[in-house]
Structure formats: structure tokens, C-alpha cells
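Colleague:
Residue numbers (the working numbering): 3 to 329.
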């Protein structure tokens, strides 16, 4: 029976043998057409792109009929929207979800619409076809539906890296979110990073400090705050060290956090201690130019010109390779 075939397919999925699950799920889906959605995702997981599209279209046809017969069927509507996204029909998916929200304002549609806009943003970003203004609109839409969407906020933190105009636009959008009263730690993180990138150190320090107070579990926030405190006009080294030390107690294997502490110790001219952290960071970040330059300086201060020269040579080589890639 279809139920038995479905149960067998789920067994193979559970033991991570998706290829063996597929024929059983195909048999089950002939009678239980709602399973075409699961079958499509299973084909995606094993790289069967064409079969994934075929089964997704079958799921699309079936779920469209289900929703037409019962427009308030939230489960079928959400499944249908998911199928549309798998078919790269983001407009269709958003239209389906928007209609669901109009019919049931207390349903699950706000969060799902936010996710749909983030998914569309990521897809367009990956293809390189996204106009920056349109990409920002997608993130704005996502945050209108869910101001606490960490996925959208993380994308905003990354948005416009290396481009001053895009950074300014993203920062303005974040500030408008903050003005609405939606102030999760992640919003402050995003604003802090954007302020940092624009060299607005006081604003960056203020936003990152708020973020750390609201959620001291966020290692990235604490790491950035420690950096700001150490590199601002009037450095607060004791507090910076307390914060980065607490971060490394929780994330002791993070090369990024070891790099931060190493850079702070360098600024404090504690060369031996800086060396330990920078070498731990280098193990995870062997191609970071700035790290090799820092090690060259530290070894120079420790009267080891041979190793200082080697690290400077590596830094120069990596920089030349980077410049060639840009050409």
C-alpha cells in the first residue's frame, strides 16, 4: 500500500540512504499526491535536478487544486508556496502567501513571507543579477514582515561590503528599523558593523555595546565590541581584554577571535602574548594578509628578523595573488 511504501521511504531517509528511499516514495506518491513535494526535495538532495523539477511541477498542480478547493487550508498553501520557491517562482510563492495572509491574518504567513523574501534575495545575489536597490527592497520587505528576522539582518550586515554607497543605504535602512522600536541585538550588531565600516567609531561602539548587553552569548558582537574599545581614540584596554577573554572562554577554537585578541595585545605592545594568539589564528586563517603582516611586526619586535622576513614575504605574495585575481 501507499502507506507502507511511504514508511519504507522514511526509514531509508532516517538512515541517510536517500537514493534507496526514492523508488518507495515514488510508489507512495502515485496514490498520495501530496508526497510529490517531499519527493522533489529528495531528488534535489541527491542531485537529480531534472527529476526534482518534474516532481515539483506535479506537486504544483496538485496543491494548486487543493488550495482552489479550500483557500483557508493553510498547510496546503504553505506547501504550495514552498514548491513555487523550489521552482524559482518567487513572485508566485509570495502571491500565494500574501493571499493566505489576507485570509488569515493570525496564521503563520508573516514569518514565511519574510523567509521567502530572504530566499529571493539570496538567489538573486548568488546569480549576480540583482540590482543593489532591488536587493535592498527585498530585505526591507522581509523585515517589514518580521523585524526580528536574523537571516535578513545578517544579509544586511554583509550587504554592500566594499561599496560605500551600498553600505550607506543599508545603514539607513537599519536605522529606520531601529526607529520602529524593533531593537533586537542583531539590529545593533548590523548598525555597529556598518558604522565601523564608515569609520564612525563612536556610533559603532554604542551600537555594539547595546548588542552585547542584550545578548552576551553572541560571540561576534562581543568580538567587535572588544575591537572598538581597544582601537577607539581613548582605548579602554582593560574592558576590551575582559570582553575578548570571555569570548575565547566560550569559543576557544575560533581563529577570528584569537586574531582580535592578538591585535589588541599588539596595540598594548605585549608582543609575547600577542604572538601566541596570532599564531593560533594563523592556523585557521593561513591566507590572511594582515595576519602575516602582524606576525612580521611581532617577530621584528621580538628580535627575530628571519621569521619577520618570512611572514612579510608571505604577505607580499598573497597581496600580489589577490591583485591578479582582480584584473
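We treat Cβ as the ideally placed atom computed from N, Cα and C, and that holds for glycine.
1) Who are the Cβ neighbours of residue 331 in its own chain at under 7 angstroms, not counting the five residues just before and after it?
2) Roughly how far, in whole angstroms, is the beta-carbon of residue 89 from the beta-carbon of residue 118, given that I think they are within contact range, below 8 angstroms?
3) Can you tell me the Cα-Cα spacing of residue 58 and residue 68, whole angstroms?
4) I'd like to check one pair, residue 189 with residue 154: are the Cβ atoms closer than 8 angstroms?
5) Identify whether residue 150 lies in helix, strand or coil by the three-state DSSP scheme.
6) Would you tell me roughly how many angstroms separate the C-alpha atoms of residue 213 and residue 324, rounded to the nearest one?
7) Expressed to the nearest angstrom, what Euclidean distance is found between the alpha-carbon atoms of residue 200 and residue 259?
8) If you drop the 5 nearest sequence neighbours on each side, which residues of the same chain put their C-beta closer than 7 angstroms to that of residue 106?
9) Roughly how many angstroms lie between the CA atoms of residue 215 and residue 241, to the nearest whole one?
10) Using the C-alpha atoms, what's the distance from residue 92 back to residue 288?
11) Buried or exposed: residue 225, going by 16 or more other Cβ atoms within 10 Å of its Cβ?
12) Taking all protein chains shown into account, do 16 or more other C-beta atoms lie within 10 angstroms of the C-beta of residue 263, making it buried, or fewer, making it exposed?
13) Measure the alpha-carbon distance for residue 321 versus residue 291 and round it to whole angstroms.
14) Check for me: the alpha helix (DSSP H) holding residue 124 runs from which residue to which?
15) If I'm right that residue 221 touches residue 252 with Cβ under 8 angstroms, what's the distance once you round it to whole angstroms?
16) Between 177, 87, 80, which has its C-alpha nearest residue 55's C-alpha?
17) Which class does residue 47 belong to by DSSP, given the choice of helix, strand or coil?
18) Helix, strand or coil, according to DSSP, for residue 257 in the structure here?
19) How would you label residue 245, buried or exposed, when you count the other beta carbons within 10 angstroms and need 16 or more for buried?
20) Would residue 303 and residue 273 qualify as a contact pair, given that the criterion is a beta-carbon distance under 8 angstroms?
21) Can you tell me whether residue 68 is helix, strand or coil according to DSSP?
22) I think residue 116 touches residue 148, with their Cβ atoms under 8 angstroms apart; what is that distance to the nearest whole Å?
23) So, helix, strand or coil for residue 262, using DSSP?
24) Just mark residue 24 as buried or exposed, buried being the case when its beta carbon has 16 or more other beta carbons within 10 Å.
25) Could you check the C-alpha separation between residue 202 and residue 22 for me, to the nearest Å?
26) Looking at the unbroken alpha helix (DSSP H) that takes in residue 91, where does it start and where does it end?
27) Please decide whether residue 192 counts as near chain B, where near means a Cβ-Cβ distance under 8 angstroms.
28) Using only CA atoms, which one of 297, 207, 146 lies nearest to residue 180?
29) If residue 1 and residue 267 are in contact, beta carbons under 8 angstroms, what's the gap, nearest whole angstrom?
30) Among the residues of its own chain, which have a CB less than 6 angstroms from the CB of residue 96, if the five just before and after it don't count?
31) By the 10 Å Cβ neighbour count, where 16 or more other Cβ atoms means buried, how is residue 17 classified, buried or exposed?
Modeller: The answer reads as follows:
1) Lying before the first or after the last residue shown, residue 331 is absent from the chain, which here runs from 3 to 329.
2) About 13 angstroms separates the CB atoms of residue 89 and residue 118; that is not less than 8 angstroms, and the two are not in contact.
3) Distance between the alpha carbons of residue 58 and residue 68: 15 angstroms.
4) Against a cut-off of 8 angstroms, the Cβ pair of residue 189 and residue 154 comes out as no contact.
5) Three-state DSSP puts residue 150 in coil, outside helix and strand.
6) If I take the Cα positions, the gap works out to 34 angstroms.
7) Straight-line Cα distance between these residues: approximately 22 angstroms.
8) Non-local beta-carbon contacts of residue 106 in its own chain, meaning distances under 7 angstroms to residues more than five positions away in sequence, involve 74, 76 in chain order.
9) Going from the Cα of residue 215 to the Cα of residue 241 covers about 14 angstroms.
10) Going by the C-alpha atoms only, they are around 39 angstroms apart.
11) Result: buried.
12) Label assigned to residue 263: buried.
13) Approximately 7 angstroms between the Cα atoms of the pair.
14) DSSP places residue 124 in the uninterrupted alpha helix (DSSP H) bounded by 111 to 129.
15) The beta carbons of residue 221 and residue 252 sit about 7 angstroms from each other, so the pair counts as a contact at 8 angstroms.
16) Considering only alpha carbons, the answer is 87.
17) Note: residue 47 maps to helix in three-state DSSP.
18) Here residue 257 sits in helix by DSSP.
19) With 16 or more other Cβ atoms within 10 Å, it is buried.
20) It is a contact, given that the beta carbons lie within the stated cut-off.
21) Residue 68 sits in a helix when the DSSP states are folded into three classes.
22) The beta-carbon separation of residue 116 and residue 148, rounded to 4 angstroms, stays under the 8 angstroms limit for a contact.
23) Three-state result, residue 262: helix.
24) Buried is the call here.
25) Roughly 56 angstroms between the two C-alpha positions.
26) For residue 91, no alpha helix (DSSP H) run applies, since DSSP gives it neither H nor E.
27) Checking the listed chains, one finds no chain B in this structure; it contains a single protein chain.
28) Residue 146 is the option with its Cα nearest to residue 180.
29) Residue coverage of the chain in this structure runs from 3 to 329, which leaves residue 1 outside it and unanswerable.
30) Excluding residues within five positions, the ones whose Cβ falls inside 6 angstroms are 118.
31) Flag for residue 17 reads exposed.
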